[in-house]
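Since the structure comes first, as structure tokens, the remarks are kept for the end.
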Amino acid sequence: MSSPISDHDLIRNTIARYSIGVDLKDWDLFTSAFTETAKITFPAPMGTFEGITTITATIQSTVSNFHTSHALSTQLIEITGEKTAKATTYTATELFGTGENEGKHATNRGLYRDKLVKISVDGREDWRIAERDAVGQWPLTGDLSLLAP
């Protein structure tokens with residue numbers, strides 16, 4: 001008999017699905033981290049995007065010239081209601097160029113401030129990100145031409 005999974009562990013898994021989905025370019029895994037109507041805000045010049053279709057297309061386009069490796073670390077999760085929570089998670093993301101960008105590298109460090117909602121998926125409870133504010137805490141370092149359109 002397995003132990004029930006805590007809300008905190010389910011939330012950690014939801015947040016990890018975003019990072020692992022981007023790193024593996026597994027867009028089904030990526031989209032399973034969000035609600036259909038999610039909103040995500042990135043530092044300028046990217047801005048805010050709404051709806052899972054728009055968010056996914058934006059991230060796919062953004063990472064088309066490089067591979068990523070996200071490392072999530074210090075995290076604070078607060079259950080704010082029966083079906084609501086918020087989480088702050090530190091992240092360090094390494095960007096590695098591909099194709100004609102081979103050999104280029106950049107690093108991004110910051111945090112994710114998430115608002116999450118509990119939903120039912122195939123008869124089991126899970127969490128989804130409803131809002132994400134991706135905060136850059138330090139200047140990007142390395143070859144920033146990787147981020148050029």
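If you count the sequence shown from 1, position 123 lands on 123 in the UniProt record's numbering, and the numbers rise without skipping. Glycine included, every Cβ here is placed at the ideal spot set by N, Cα and C.
Let's see if you can read the secondary structure: which residues bound the beta strand (DSSP E) around residue i?
i: aspartate 114; result: 105-121
i: leucine 76; result: 66-81
i: alanine 38; result: 34-42
Near residue i, what residues of its chain come up, given a Cβ to Cβ distance below 7 Å and the 5 sequence neighbours on each side ignored?
i: leucine 146; result: Asn65, Phe66, Leu95, Gly97, Asn101, Lys104, Ala106
i: asparagine 13; result: none
i: threonine 74; result: Tyr90
i: phenylalanine 34; result: Ile52, Ile55, Arg128, Ile129
i: lysine 83; result: Val117, Lys118
Figure out for me which residue from the options has the closest Cα to the Cα of residue i.
i: histidine 70; options: Lys118, Arg109, Ile129; result: Arg109
i: glutamate 36; options: Ala130, Gly142, Leu140; result: Ala130
i: aspartate 28; options: Ala57, Leu10, Thr89, Ser73; result: Ala57
i: serine 32; options: Thr93, Pro43, Gly47, Ile11; result: Ile11
i: threonine 141; options: Met46, Ala92, Lys83, Ala85; result: Ala92
i: aspartate 114; options: Pro139, Val121, Thr80, Leu144; result: Thr80
i: isoleucine 59; options: Leu72, Leu76, Ile20; result: Ile20
i: phenylalanine 30; options: Ser6, Tyr18, Leu76, Thr48; result: Tyr18
Quick check on the DSSP output: the alpha helix (DSSP H) that includes residue i runs from which residue to which?
i: tryptophan 98; result: Note that residue 98 is threonine in the sequence shown, not tryptophan. That residue, threonine 98, is in no alpha helix (DSSP H); it is neither H nor E in DSSP.
i: tryptophan 138; result: Unbroken run through tryptophan 138: none, as it is neither H nor E.
i: glycine 51; result: Counting along the chain, glycine 51 falls outside any alpha helix (DSSP H), and DSSP gives it neither H nor E.
i: isoleucine 20; result: 7-24
i: leucine 29; result: 27-31
In its own chain, which residues sit with a C-beta less than 6 Å from the C-beta of residue i, not counting the 5 before and 5 after it?
i: lysine 39; result: Glu50, Glu131
i: proline 43; result: Gly136
Identify, in the order they occur along the chain, each residue of the same chain with its Cβ nearer than 8 Å to the Cβ of residue i, setting aside the five sequence neighbours on each side.
i: glutamate 78; result: Ala85, Lys86, Ala87
i: glycine 99; result: Asn65
i: aspartate 23; result: His67, Thr68, Ser69, His70
i: glycine 47; result: Thr41
Check the DSSP bridge columns for residue i and list the partner residues they point to.
i: aspartate 126; result: Ile119
i: threonine 58; result: DSSP, once it has assigned bridges, lists no residue as partnering threonine 58.
i: alanine 87; result: Ile77, Asp114
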